[in-house]
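Engineer: Here it is: the structure, laid out below.
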Amino acid sequence: AQSVTQLDSHVSVSEGTPVLLRCNYSSSYSPSLFWYVQHPNKGLQLLLKYTSAATLVKGINGFEAEFKKSETSFHLTKPSAHMSDAAEYFCVVSVVEGVYNQGGKLIFGQGTELSVKP
Amino acid sequence: EPEVTQTPSHQVTQMGQEVILRCVPISNHLYFYWYRQILGQKVEFLVSFYNNEISEKSEIFDDQFSVERPDGSNFTLKIRSTKLEDSAMYFCASSDMSNQYFGPGTRLLVL
């Protein structure tokens, strides 16, 4: 069965310093993996996704994630944090095998709250 | 840019009452979903809907829950007799077979 584990419930960084949010996955198939972000009182916004193409995936707002099969990890990084990055971040796996999420459900990690200090 | 919308943003109800949560998916999407997030817990899948029928449901989605696409644009979640433990943020999502796009959520509080 597919699952994701986010290793930190809360991460605090200073503005301008790198961000690392850690995620490990478990999947019987070649997984589709996603990072979503949720700002306060907003919906869940897709940051980036991995679907068995390039292992280094670039997303919006300068975020990127690297799929490492040997480590079953999909960590989210950003070289330089901005105050507007403060939000909750979810690592997500799709239950459906293959390139496209053909209607399958998403399984969410428990979330990592990112705080950015001035 | 098209987006998923949900109404109401907040709903307070008494235990045992029926509630209907409404969603307007992105217009050319074919797959629709409801998820919920109880305060302090993970976002959980409830149900997926395709071609006017449920394609998958979780064990949470028992007989008190139902979904409907009444008019070709709205997608609703009905909770027949609410319980205290139904208090949560409910998210609607729609999919173009590539990505799922989420609405802002409805915060339901059952008293």
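Going down the list, the protein sequences come from chains A and B.
Under my numbering, the residue at position 71 of the first sequence is numbered 73, and the numbers go up by one with no gaps.
Under my numbering, the residue at position 49 of the second sequence is numbered 50, and the numbers go up by one with no gaps.
Yeah, the Cβ is synthetic: ideal placement off N, Cα and C, and Gly gets one too.
The structure presented is a predicted model; accordingly, all values stated were derived computationally and were not measured.
Taking just the CA atoms, how far does S96/A sit from T7/A?
Structural biologist: Going by the C-alpha atoms only, they are around 14 angstroms apart.
Engineer: Residues in the same chain with beta-carbon distance under 6 angstroms from E44/B, minus the five sequence neighbours each way, listed in chain order, please.
Structural biologist: This sequence places Val at residue 44/B; Glu is not what is there. Hits under 6 angstroms: Y36, Q38.
Engineer: Return the CA-CA distance between P3/B and K71/A, expressed in angstroms with no decimal places.
Structural biologist: Whole-angstrom Cα-Cα distance: 34 angstroms.
Engineer: Flag L23/A as yes if its beta-carbon sits less than 7 angstroms from any beta-carbon of chain B, otherwise no.
Structural biologist: No, L23/A lies away from the interface with chain B (no Cβ there is under 7 angstroms from its Cβ).
Engineer: Would S59/B and L47/B qualify as a contact pair, given that the criterion is a beta-carbon distance under 7 angstroms?
Structural biologist: Taking 7 angstroms as the Cβ cut-off, S59/B and L47/B qualify as a contacting pair.
Engineer: Near T79/A, what residues of its chain come up, given a Cβ to Cβ distance below 8 angstroms and the 5 sequence neighbours on each side ignored?
Structural biologist: Only P20, V21, L22, L23, F65, E66, A67, E68 meet the Cβ criterion.
Engineer: Compare the Cα-Cα distances from V118/A to each of N26/A, Q4/A, H12/A, K107/A and report the closest residue.
Structural biologist: Out of N26/A, Q4/A, H12/A, K107/A, H12/A has the C-alpha closest to the C-alpha of V118/A.
Engineer: I need the straight-line Cα distance from Q12/B to R108/B, nearest angstrom please.
Structural biologist: The alpha-carbon atoms of Q12/B and R108/B are separated by roughly 6 angstroms.
Engineer: According to the Cβ coordinates, are E115/A and Q40/A closer than 7 angstroms?
Structural biologist: Against a cut-off of 7 angstroms, the Cβ pair of Q40/A and E115/A comes out as no contact.
Engineer: Residues in the same chain with beta-carbon distance under 8 angstroms from N53/B, minus the five sequence neighbours each way, listed in chain order, please.
Structural biologist: So the list reads R70, once near-sequence residues are dropped.
Engineer: By DSSP, does I62/A sit in helix, in strand, or in coil?
Structural biologist: Looking at I62/A - three-state DSSP - the assignment turns out to be helix.
Engineer: Using beta carbons (cut-off 7 angstroms, strictly below), is P9/B in contact with chain A?
Structural biologist: Not an interface residue.
Engineer: If you draw a straight line from the alpha carbon of W37/A to that of L49/A, how long is it in whole angstroms?
Structural biologist: Straight-line Cα distance between these residues: approximately 5 angstroms.
Engineer: Counting along the chain, where does the beta strand (DSSP E) carrying Y36/B start and finish?
Structural biologist: Looking at the DSSP string, the run of the beta strand (DSSP E) that includes Y36/B is 32-38.
Engineer: Quick check on DSSP: helix, strand or coil for S177/A?
Structural biologist: Nothing about residue 177/A can be read from this structure; chain A reaches only from 3 to 120.
Engineer: Taking 7 angstroms as the CB-CB cut-off, is L46/A touching chain B?
Structural biologist: Interface residue, yes.
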